[in-house]
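To start, the structure under review is shown below, and the notes come after it.
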Amino acid sequence: METYDDNAIEGICSRLQVLVQDSFQKHLYASAIFFADQLVTLKGAGPEEIYTLAECYFKNREYRRVLHLLKKHSETTERNDRLKLLVAQSMMECRDWEDAALYLESTWPEDQGASDPKSAACFALLRGKVYEAMENLELGLGKCRAVACLMMFDVAILCHPWDESEVLGLRWYERAAHLDAYCHEALERLVGSHLLSIEREIALLKGLKLHKEDEWLRHLYAAKLTASRSSDENPFAEAVPEERKGGEVLGDWRVRRQGLRQGAADAPGYPTPFLPAASAGNGHARAAQAARFFGQAWNVANIFTGWVDVDLSEKGLGEAKGAGELLKAEGLQIDVAYTSYLKRAIKTCNLALEAADQYHVPVNKTWRLNERMYGGLTGLDKKETVKKHGADQVQIWRRSFDIPPPALEKDNKYHPCHEAKYADLDPKDLPDTECLKDTIARVMPYWEQTIAPALKEGKTVFVAAHGNSIRAIVKMIEGISDDVIPGLEIPTGTPLVYELDKDLKPLPTSLAVEPLKFGRYLGDAEKIKAAAEAVKSASRRRQPVDDPVRTPQRGSGRRRTEHSLSARRGNHFQRSGQQRIPRALRKRDAEQSGKGRWGKQSEGDFESCLIVSKKVLEEDPYHLAALPVHISSLVMLNMTNVVYYVAHQLMAAYPSTAIAWYTAGCYYYMIKKYEHARRFFHKALRFDGLFAPAWVAYGHSFAQHDESDQALAAYRTASRLFPGSQLPWLFIGMEYVRTNSLQLAQQCLDCARTLMPTDPRVYNELGVVAYQKRNYEEAVHLLRQAISLSNHPQEAMHCNLGHALLKPRAQPKNVST
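Going by UniProt numbering, the first residue of the sequence shown is number 1, and it counts up by one from there.
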């Protein structure tokens, strides 16, 4: 057996160290463990060698092995801070919270000095994480006073009553930030989360011990703190020399826009009944329709169709005739019709015109109105395709805006180059595959060069095409975003009507059905709703709508559908006669409260907010810090389909994060399934008990069912966990206003005003309370303050002020106002 001298062993050890580092850089942790173990054997169990091997175990997620190794070499571990930190972190990864807390307490007691501030900050940070994670234990292992439990949860979330300075997790985060101003994890947890009062936030910012060249960090944290306040004033100006301003980001997304908002301005509130706007035209308005029909035999067989020229199914024939009858009943006289080169669309057009008794209408055919080319999926069974490529990948190919399926080879029998009807086209124009973006790019030139000029001549245009080519035209008319248009489903057999002005701008109608803003469907409203639900069920666009968490097998049951769209140009005058209801300041009507649309806060520009968050997520799609604001903006803008899609993506990528479950809860909240939403908000809080948006949303889900006790319990818990935010107190006050407990409402709203003296929403609610108490002079004063503090006062504020001014004591000021 060959032997090695000390010099040879030293050389081997040096080489092993290089191999360990090389394996680390390549993330080959099993290899790194092998070489590190040999290093310990040859060189001995020194601190560096033990740490290298333990780190390899940790990176390979062998946490119990880390603990065993460091316990075996306890004497070395006790003398090395890096090893002690590794012990604590391994216990945390094993979720041994009690053991971790005891170990940290014994290793680095609270009264221990900080010879090395950076190491001390790491210990403080870990203690904060451990205490925060101990949901089912008394914080601090028996050192805390009585705790308040929210008993609505299966697992109670524990928090201290009122005095946030006693919350151990926060205390240790603060200590970590004090010891090391560069401990970003601690500062990130404290900054902008409303966990501290504004005074303590200012003190924290002032106390950061930064190098002169790193003062930009203080400005950055000040900007975050300012952004979490809804005030136009900068309360942190005294802590930094440069003033930064921002807007509210605490997930305050419960606000609705419901015509005449009553009872609250732009804070989440309770709309009361309102009368719809009365409008009248001058008789010259023109309409636009789109109808959807079940398609052809390949749909029944569940096969991808695209450009393949298959015939209409029996149901498709009936849908086409039914749409023509609806056009006839509406009295629409078609001047010109357009359709695609595919016979299922041509038959749809002819049958609809025949049923409408308009045989004379000229029909123009174009390949540009063809269905989307499904590329390599063409002719494949949808179920088999899902089995081969996976449901998620097939979903992306079918429903993403800009990701096409694999290209179809030109020697494939389904390629359009083999069809005589396309012989005159440039081969470059024949697509091998298309996404929705490509289909829109193909349709738009025909719309602009042929259909639009006909409309400008005053003609009534009828377009019979396919799902994706119709989506292209609807996107252009409605201005629907790229995120929403892939999910747009048009009910089958139902003409969709648009009215356009002389500039081809769509005219508003009270009969528009979301997500459309200008289009109205012909036919019975209940049948239209049922047809829309049938389309969603048949399309299997994503997983079933009742559960965005589970991903079912796709490819079954979706049929190809054909569409028709017609448009006419004309002049249109609309006058609004919306009646103001004298109950503007009364409590919410339970029946009407769920019928509003998500609206835009006067103190929060959600469109701009969404643009910014989208830019961030385009650069980094998994930037979790940007998601709460992004999701809240989507909810406020009523973008249900997008929230659904984002929830599905987050549940697949981050199933153990609060934001994923919170997003799923938001989806259920938007579709008014509040009990489902409640479960998801609850689950989000199980993962992160200090996730502010979930606490607020949890309370809202109870408030929507008029369950005041549970809603108040959630809001109160939020007020304790986030003592720096006025919003929980605002919501508590609003709930008391709803139940006519005006004295309690006054006290809670006063607390909110103390926390944020410049929030117009608080003054609006205080004005409501004063109005209810018949103190009209005070109501006028408070409502004027709300308007003066708001950058863009909402209609409800002016409405409330008007009602207060109509009362006798305020009457003399009414004329000047």
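Where a beta carbon is used, it is the ideal one built from N, C-alpha and C, also for glycine.
Only a predicted model underlies this, so the values are computations on that prediction, with no experimental measurement involved.
With 16 other Cβ atoms within 10 Å as the buried cut-off, status of residue i
i, result
"Arg-189", "buried"
"Met-797", "buried"
"Gly-382", "The question names Gly, yet the displayed sequence has Lys at residue 382. Its Cβ being crowded by 16 or more others within 10 Å, Lys-382 is buried."
"Ser-74", "exposed"
"Asn-740", "exposed"
"Ile-732", "buried"
"Lys-224", "buried"
"Asn-791", "exposed"
"residue 819", "Nothing about residue 819 can be reported from this structure: the residues present for the chain run from 1 to 817 only."
"Leu-326", "buried"
"Glu-618", "exposed"
"Pro-621", "exposed"
"Lys-206", "exposed"
"Val-18", "exposed"
"Thr-475", "In the sequence under discussion, the amino acid at residue 475 is Lys, which differs from the Thr named in the question. Classification for Lys-475: buried."
"Gln-25", "exposed"
Distance, residue j Cα to residue i Cα
i, j, result
"Lys-614", "Asp-483", "11 Å"
"Val-336", "Val-363", "6 Å"
"Thr-494", "Thr-348", "13 Å"
"Pro-506", "Ile-477", "7 Å"
"Glu-795", "Arg-784", "13 Å"
"Leu-806", "Tyr-645", "48 Å"
"Ala-653", "Lys-388", "21 Å"
"Gln-649", "Arg-720", "32 Å"
"Asn-764", "Ala-718", "22 Å"
"Lys-683", "Asp-709", "20 Å"
"Leu-85", "Glu-62", "16 Å"
"Pro-723", "Leu-16", "54 Å"
"Asp-503", "Lys-321", "32 Å"
"Thr-366", "Ala-441", "15 Å"
"Ile-346", "Tyr-422", "16 Å"
"His-803", "Lys-773", "14 Å"
"Pro-793", "Leu-455", "39 Å"
"Leu-782", "Thr-758", "12 Å"
"Arg-716", "Val-386", "48 Å"
"Asn-638", "Phe-606", "11 Å"
"Ser-400", "Val-394", "10 Å"
"Trp-447", "Ile-473", "8 Å"
"Cys-94", "Glu-215", "38 Å"
"Lys-469", "Asn-412", "The sequence given here places Ser at residue 469; Lys does not occur at that position. The alpha-carbon atoms of Ser-469 and Asn-412 are separated by roughly 24 Å."
Among the options, nearest to residue i - alpha-carbon criterion
i, options, result
"Asp-432", "Leu-425, Cys-417, Ala-423, Tyr-422", "Cys-417"
"Val-463", "Ala-423, Pro-508, Thr-339", "Thr-339"
"Gln-704", "His-676, Glu-174, Asp-620", "His-676"
"Leu-208", "Glu-199, Pro-109, Glu-174, Lys-413", "Glu-174"
"residue 873", "Lys-437, Ala-647, Val-612", "Residue 873 is absent from the structure shown; the chain starts at 1 and stops at 817."
"Gly-699", "Met-639, Ala-713, Glu-213", "Ala-713"
"Ala-694", "Ile-659, Asp-706, Val-474, Ile-787", "Ile-659"
"Tyr-341", "Arg-368, Asp-392, Leu-766, Cys-94", "Arg-368"
"Ala-181", "Leu-210, Tyr-776, Ala-697", "Leu-210"
Cβ neighbours of residue i in the same chain (closer than 8 Å, five flanking residues each side left out)
i, result
"Leu-179", "Ala-114, Pro-117, Lys-118, Ala-120, Ala-121, Ala-124"
"Cys-13", "Leu-39, Leu-42, Lys-43"
"Leu-170", "Gly-128, Glu-164, Leu-190, Leu-195, Leu-196"
Cβ shell of residue i (< 6 Å), same chain only, five flanking positions each side left out
i, result
"Asn-80", "Pro-47"
"Val-616", "His-623, Ala-626"
"Gly-487", "Asn-641"
"Ala-752", "Gln-726, Trp-729, Leu-730, Val-762"
"Trp-661", "Phe-680, Lys-683, Ala-684"
"Trp-97", "Val-130, Ala-133, Met-134"
"Ser-23", "Ser-31, Ala-32"
"Lys-59", "Tyr-29"
Sequence-distant residues of the same chain with beta carbon closer than 7 Å to residue i, five excluded per side
i, result
"Ala-88", "Ala-100, Tyr-103, Leu-104, Leu-126"
"Asp-37", "Leu-53"
"Gly-306", "Glu-371, Arg-372, Met-373, Tyr-374, Thr-378"
"residue 825", "The requested residue 825 does not occur in the structure, where the chain is confined to residues 1 to 817."
"Pro-520", "For the record, residue 520 in the displayed sequence is Arg; it is not Pro. Hits under 7 Å: Val-497, Thr-509, Leu-511, Ala-512."
"Tyr-221", "Leu-187, Val-191, Leu-205"
Within-8 Å CB hit, residue i to chain B
i, result
"Asp-524", "In the structure shown, chain B cannot be found, because there is only a single protein chain."
Q | Every unbroken alpha helix (DSSP H) within the stretch 747-777, with a cutoff of 4 residues, ordered by chain | A | 760-772
(Q) List, from N- to C-terminal side, the alpha helix (DSSP H) runs of 4 residues or more that fit wholly inside the UniProt repeat "TPR" (658-691). (A) Counting only runs of 4 or more residues that sit fully inside the UniProt repeat "TPR" (658-691), the alpha helix (DSSP H) segments are 658-670, 674-687, in chain order.
Q) If you scan the stretch 451-507 from start to end, which runs of the beta strand (DSSP E) of 3 or more residues do you find wholly inside it? A) 460-466, 496-500
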